[in-house]
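Numbering (the numbering used here), first residue to last: 866 to 1192. All C-beta atoms, glycine included, are put in the ideal place defined by N, C-alpha and C. These numbers were taken from a predicted model, which means no experiment stands behind them.
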Amino acid sequence: MKTTFTTAALAALLGTTALADDDVTLQLQWVTQAQFAGYYVALDQGFYEAEGLNVTILPGGPDIAPPQVLAGGGADIMLNWMPSALAAREKGLPVVNIAQPFTSSGLMLTCWKDTGIETVEDFRGKTIGVWFFGNEYPFLSWMSQVGIGTEGGEDGVTVLKQGFNVDPLLNREADCISTMTYNEYGQVLDAGVNPDELITFKYEDQGVATLEDGIYALEENLDDPEFVDKMVRFVRASMAGWRYAEENVDEAAAIIIEYDETGAQSEAAQARMMGEIAKLTAGSTGALDVAAYERTVATLLAGGSDPVISAAPEGAYTSAITDAALN
């Protein structure tokens, strides 16, 4: 009774909120996997708790649109690829990039080598699987820049709307498919394909990569000093989580398995994924590289006849959160 009374008295003196952690809800853009290891590690290792945060991580999936969740108040922040976020902003949802843990893109095309593809020019006359729902714009911009049409024919490419699997390549329905360095490429290898049978083209190497997996908040919330303070602490703890995950790949994979409620992931696959993810976050402080942002915008504006955005956005990112988190 004495302990209870003392705690209650202290709470009264300090204010009831002083002893309570601040709630933060994060919406992922896909299912629980090592792509999001930094956040799960920060949660598991107590980095958020040390910053006075009570963080809830919401897994995503094929039927979950993070911008819609954010707009509906279901989350405080979301992870999103920049093409999707900038499209949402132009359509009236004022999302703002507050941090960018991923400095490099993991998107690439994976092709059968026996199709004769050695260079980008060899795409002509071939069928290429492309993810849509905003993911197609880097590809369309790339083809526009190299002068290859996307309406088929001997001099152009036939675009196959690809689902989120590697079946079109394995079934020879496509000569190339979209893959992530850390996910679908491994699935192709797991199907028994030898890496020597494949040739890959990384968007990063082609100069048409767009930023992936940024942290976004609603612009109106950034006018609230208390919300900004929470975000500073969240970003600081999250980046500590990313550093830990990069340095402890196997442990990070085990943590992912612990939080995966579907039971669909294997620890070996998650360790492999984490190893590749670490290459995309290596050296990141969470601060947005403005040059990479401008390259992303230029790529999206040049996305053929139907660009994802019609004009360069204004106010789509802020460095205030990461500046404070780093100091």
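**Prompt:** Taking the continuous beta strand (DSSP E) assigned at Tyr1081, which residues delimit it?
**Reply:** Unbroken beta strand (DSSP E) run through Tyr1081: Gly1079 to Leu1083.
**Asked** Can you check whether the CB of Thr992 is closer than 8 Å to the CB of Asp941?
**Response** no
**Request:** Determine the direct distance from the alpha carbon of Thr980 to that of Asp909, and round the result to whole angstroms.
**Result:** Note on geometry: alpha-carbon atoms of Asp909 and Thr980 lie some 46 Å from one another.
**Asked** What is the DSSP secondary structure of Gln1010, counted as helix, strand or coil?
**Response** helix
**Message:** I need the straight-line Cα distance from Ala1102 to Leu918, nearest angstrom please.
**Reply:** 9 Å
**Prompt:** Apart from the five residues just before and just after Ala1189, which ones in its own chain have a Cβ nearer than 6 Å to its Cβ?
**Reply:** Val1097
**Message:** Taking a contact to mean a Cβ-Cβ separation below 8 Å, would you say Thr1075 touches Trp946 in this structure?
**Reply:** Taking 8 Å as the Cβ cut-off, Thr1075 and Trp946 qualify as a contacting pair.
**Message:** Within 10 Å of its beta-carbon, does Phe901 have 16 or more other beta-carbons around it, so buried, or fewer, so exposed?
**Reply:** buried
**Own chain, CB closer than 7 Å to Asp1125, minus 5 neighbours either side, in chain order** = Thr897
**Prompt:** If you draw a straight line from the C-alpha of Val1114 to the C-alpha of Met1139, how long is it?
**Reply:** The alpha-carbon atoms of Val1114 and Met1139 are separated by roughly 6 Å.
**Prompt:** Taking the Cβ atom as the reference point for each residue, do Ala899 and Gln1052 lie within a distance shorter than 8 Å?
**Reply:** no
**Asked** Hey, out of Ala915, Pro1178 and Asn1086, whose CA is closest to Leu935's CA?
**Response** Asn1086
**Request:** Determine, using beta-carbon pairs with one atom in the region 1137 to 1152 and one in the region 957 to 966, whether at least three such pairs fall under 8 Å.
**Result:** Here the region 1137 to 1152 lies against the region 957 to 966, with 3 or more beta-carbon pairs under 8 Å apart.
**Item:** Distance between Gly1021 and Asn1036 (C-alpha atoms, nearest Å)
**Value:** Going from the Cα of Asn1036 to the Cα of Gly1021 covers about 22 Å.
**Asked** Under 8 Å, do Ser949 and Ala1167 count as touching if we go by C-beta distance?
**Response** No; because the gap between Cβ atoms is not below 8 Å, this pair is not in contact.
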